[in-house]
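Enquirer: Here it is: the structure, laid out below.
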Amino acid sequence: MPTPLPTLADAPLFLHLAGSLAFVAVAGRGIGWALDAWVRRAPEAASPAEPEAPARTEPAGEPPQSGARIR
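Residues in the sequence shown are numbered consecutively from 1, following the UniProt record's numbering.
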């Protein structure tokens, strides 16, 4: 009668899984910190491409034309 194979332990699998999850958690935390710093810095670095145009004024008696047909 052949000797049955010993059962494999699940410990290495669980350790690998725990290590992978820890790595993903640390990487996610670092990405979160980087994005937070980038977003906080964004208003300082942003410069307007063009100055704002002055507001357009319509004549007082006429409503603005939308292009829609009135029946």
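The C-beta atom is built at its ideal place from N, Cα and C for all residues, glycine as well.
At the level of alpha carbons, what is the spacing between Ala34 and Leu21?
Expert: The straight-line gap from Cα to Cα measures roughly 20 angstroms.
Enquirer: From Gly32 to Pro12, what does the alpha carbon distance come to, in whole angstroms?
Expert: Gly32 and Pro12: Cα-Cα distance of roughly 30 angstroms.
Enquirer: Between the alpha carbons of Trp38 and Ala9, how many angstroms are there, rounded?
Expert: In a straight line, the C-alpha of Trp38 is about 45 angstroms away from that of Ala9.
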